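What follows is a short report on a single structure.
This is the structure we're talking about:
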């Protein structure tokens, strides 16, 4: 009896080893699918979206999703949005946007924040709610509006104003006012630097590139690749997740406006943006400040099928990692990739479409070098061998954050939709999404094509 | 002076210095090859840039030695002669150290003034050559760059020469001492330190090339040094001889005031600068090398070099590595000492429990730790994030929770034997078997504290000095029963806390308190004899003590001083007599406890720097007045009465085996009690001043006051055989 079942088990293991490309469904866990996803065009901040508020953009993504999927609004159990720089008036931007987008006021919504992987967190939170049986239908998304950021009064001025509120007599008020100094009026900008280290991300990226000996030329070449591929994808109409957005008082925006293939000669002329004068990270090989929003419709597979949908992809194993926010701020993909692959029982060779967030050329190339280094794997990842290099021909084939833009809170959904759409278009089965984030965190997720 | 500062760190930055270039001149290629094997310097050529690497063999730091000098000038001559080379980069092969300064052993080996002068001149010639180099030279500095190293890298400003203080790299950039900063890199494809050095070299090469190709101009923004000291107006003013004289005078006055004329170096530096400005740089260089030679030969220089060596010795664990590393520390008592110990522990990554009996006391202690860290944030030595993360190593609590994980408990409760017994028993009931119990007492014998212990081999004394975060010394006291591993562990913790450590045998007052007590007794007698506390303070500080004797009593606490005087008085009897302890008793009864109570010999007010005498002391002093003895009451006699009692007791500690070595005695006296550093410590003092002269002094005072001044046997032995020295 035991002998027989042992042989059976052995046979099963053989099957796994020889045919790695099976489906990643797990016993006793609900399959979660992406029905579809959309995004507003991503724009350079300070352009057509500059007079909007974040929930306006988020609303545009939500109405776009409603339009694209025709999902009946009452079936949506929950809405989750990611955002990074919060507008204080709409701190739960998910709720404000949902109400305005015509979702049912009976559908609860919350907002999450995890730097550049906020939308990823929104989606995986949804995956968790579905897998645990709490919900069947989730809308997840993200939004960022860098055209307007909350600039505050200084702490001293705020204190003075708050104390004035509480002052009871004219005398108290006058004595408070007498404490006013002109320098109280100096404004406080939202931190562009890592709070723990006080180092800006660009500066850290430059040091990271130097640590991995990534040259300026390599970075410029990679950025040029990103812009060229994005241009090609845009021209060929591959960026099908983009929905047009009629901006109030302005023309309808139909496409991303940050895609600008240049020449290496032009790029070489730029001065370093962070470590002056000898750094290698420049405006041309970094992602730019972007406005944009995205949203995806996630469902339990059986629910989607019951409703007659043909889903685009499964959302499979995912992984969050974190490491030293000073010297390894942007190495998240290197750490997350092997872990999520192991969890899913895949190898890097099984992946057909890589969609990595491109914060900086230098960051992507440093991650490549780290993934290709046995020394790094042994010394910093407690691994015996290197992670392995993603083949460039499968990597960010339709452009990336460098060229398409990077609205912090919204990029995650774009990555997942790019992976899903590429798998459909190219006929692949597995996609790998990975991203780094401020705070030294990182994320990776396996996207599996839904059988046609 | 340079030597004592030879160990320091230039924080997290690496830096650059571009030495002035004066254009490119073609010279004939001499054909000498770079393949010569050199031990201190080697160089390679990358493109048209020579990369000169400095690497003193078998040493953690690079020091300016004779060999380095000669190899360096050889290499530089080749570089200047080569047609192929258009610029050069100077860099160290040791991450974290460019050049730490002159080789102290080289200086110590010099027998005559001329030898030192010659060494100095050789160094000058190199620096001068570098300054006049026709090819641009970039110094790529990572880590400490001090003394001579700084001169190779940068020409120093007056203030830096005089104070020798260390400057962080970012500040150095602001001052215009360095031209560019390179921040250290994190992990990449190589160990971070290695790659950072490579990167520094790469960037330095780009700069060197840029300078040679005239793409980068060596002209730099005026740094603070220039803006502060040489704004146009002052630059003009400095051309007027009269103004210059005034400036010299002013600087000299200030220096005299700060050094009390006890340290010859700063005044000589002013002389040299003056000569340089008034008579031209050649005369300046000559004067500099001569004065340097004179300085190296002084007693002060010998004393300070001795301290340097002593300090190196006291930074080692002679007991070897302990069996178990202390990771969890618990401190009993959140007073000044307890909280101070906590502060120097948490910032080294030790998980620390701070326990007290009341919430008020605990609050105060935790606030002290926080303030200590926050002050570093204000000085930009820490980021607020680092502060928070360090502070999270501290747990304040009122109970014994978590003590079951403690590897070491340090008690810093009130100096009361029965209380110490009580906490020892309480603690032993909750700590694991391997846990060490250390007592931070300043006078209670450890063996008496250990008497109630179930495991006396785990009991040890760790005597910290107040304020703990500033005072470098830790006196570790072992009893007959203390195990070697317990000692090893205590030393390891102390070293981790950044302390300079002396290990002494148990006995009343151990070493430090025991030396201080007779001197304090003398302080009281001198005050009773009618010397005003201010006058006494000035006599002691002008002898080289950093804190005046009367102020010291106020700082230590009058109640503590009284406690110690009584305890040790009982044990040592007449020898510790002299002043009437009644003076301290009366002060305590009136609440004049020193700084902590706002009144002692002086009045202390928050925010008031000036100290006024406490006039209420007049009646106490008057009631205990003693007639002064005129034959031993000159200013000099008063100074020597204090110092010789100190020295005599220190030598007695060595004689009795409380001290293992004279070096530890000197380190303990200088770093724990403020014995004048220029004298090098009590033992160095006897060697340099002369044992016979010391004994003569003691005998003179013995004749006036009796037993308290009787020279101890070991001191008498040294006086009798002039060849006997504490340091051979």
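Protein chains in written order, with UniProt numbering: chain A, 1 to 452; chain B, 1 to 728.
Glycine included, every Cβ here is placed at the ideal spot set by N, Cα and C.
Small disclaimer: the values here were computed from a predicted structure and weren't measured.
- For the C-beta of residue 375 (chain A), the chain B residues within less than 8 angstroms are, from N- to C-terminus, 189, 190.
- Taking C-beta separations shorter than 7 angstroms and ignoring five residues to either side along the sequence, the partners of residue 343 (chain A) in its chain run 317, 319, following chain order.
- Below the 7 angstroms Cβ cutoff, chain B contributes no neighbours of residue 425 (chain A), its closest Cβ being approximately 36 angstroms away.
- Using a Cβ-Cβ cut-off of 8 angstroms, residue 328 (chain A) counts as an interface residue toward chain B, since at least one Cβ of chain B sits closer than that to its own.
- Around the beta carbon of residue 351 (chain B), 16 or more other beta carbons lie within 10 angstroms, which makes this residue buried.
- Residue 127 (chain A) and residue 406 (chain B) have their C-alpha atoms roughly 44 angstroms apart.
- Where residue 519 (chain B) is concerned, the enclosing alpha helix (DSSP H) starts and stops at 512-528.
- Against chain B, a Cβ distance below 8 angstroms from residue 180 (chain A) picks out nothing, because the smallest value is about 24 angstroms.
- Excluding its 5 nearest sequence neighbours in each direction, residue 122 (chain B) has C-beta neighbours in its own chain below 6 angstroms: 69, listed in chain order.
- Under the three-state reduction of DSSP output, residue 476 (chain B) falls in the strand class.
- In this structure, the beta-carbon distance from residue 142 (chain A) to residue 412 (chain A) falls below 8 angstroms.
- C-alpha of residue 484 (chain B) to C-alpha of residue 319 (chain B): approximately 7 angstroms in a straight line.
- For residue 367 (chain A), not one C-beta of chain B is nearer than 8 angstroms to its own C-beta.
- Boundaries of the beta strand (DSSP E) around residue 331 (chain B): 328-332.
- Following the DSSP letters along the chain, one finds residue 397 (chain B) inside the beta strand (DSSP E) bounded by residues 394-397.
- Under the three-state reduction of DSSP output, residue 259 (chain A) falls in the coil class, being neither helix nor strand.
- What residue 186 (chain B) touches in chain A, judged by beta-carbon distance under 8 angstroms, is 207, 208, 211, 324, 326, 327, 328, going in chain order.
- In the three-state reduction of the DSSP assignment, residue 134 (chain A) falls in the coil class, being assigned neither a helical nor a strand state.
- Under DSSP, residue 142 (chain A) forms a beta bridge with A:82, A:294.
- Taking 9 angstroms as the cut-off between beta carbons, none of the residues of the stretch 41-72 of chain A comes near chain B.
- Judged by pairs of C-beta atoms under 8 angstroms, the stretch 361-369 of chain B touches the stretch 337-344 of chain B, as three or more such pairs exist.
- In this structure, DSSP gives residue 612 (chain B) an extended state, which the three-state scheme calls strand.
- Runs of the alpha helix (DSSP H) spanning 4 or more residues and lying entirely within the stretch 188-273 of chain A occur at 201-211, 216-235, 264-268, in chain order.
- Near chain B, meaning a CB-to-CB distance below 7 angstroms, the residues of the stretch 273-286 of chain A are 278.
- Contact check for residue 200 (chain B) against residue 140 (chain B) passes: the beta carbons are separated by less than 8 angstroms.
- Nearest in C-alpha terms to residue 83 (chain A), of all of A:315, A:116, A:223, A:253, is A:116.
- Interface criterion met: the Cβ of residue 380 (chain A) is under 8 angstroms from a Cβ in chain B.
- Annotation: residue 76 (chain A) to residue 48 (chain A) spans about 31 angstroms, alpha carbon to alpha carbon.
- Scanning chain B for C-beta atoms nearer than 8 angstroms to the C-beta of residue 197 (chain A) yields 383, 385, reported in chain order.
- Contact between the stretch 286-304 of chain B and the stretch 684-692 of chain B is established, with three or more Cβ pairs separated by less than 8 angstroms.
- Judged by DSSP in its simplified three-state form, residue 270 (chain B) adopts helix.
- Per the coordinates, the alpha-carbon of residue 273 (chain A) lies some 17 angstroms from the alpha-carbon of residue 198 (chain A).
- Proximity of chain A to residue 684 (chain B) at the Cβ level (cut-off 7 angstroms) is not reached, the minimal Cβ distance being about 45 angstroms.
- In terms of Cα proximity to residue 382 (chain A), the closest of A:403, A:339, A:359 is A:339.
- Sixteen is the threshold: when 16 or more other Cβ atoms of the shown chains lie within 10 Å of the Cβ of residue 371 (chain A), as they do, the residue is buried.
- Secondary-structure assignment with DSSP links residue 437 (chain B) through a beta bridge to B:409, B:459.
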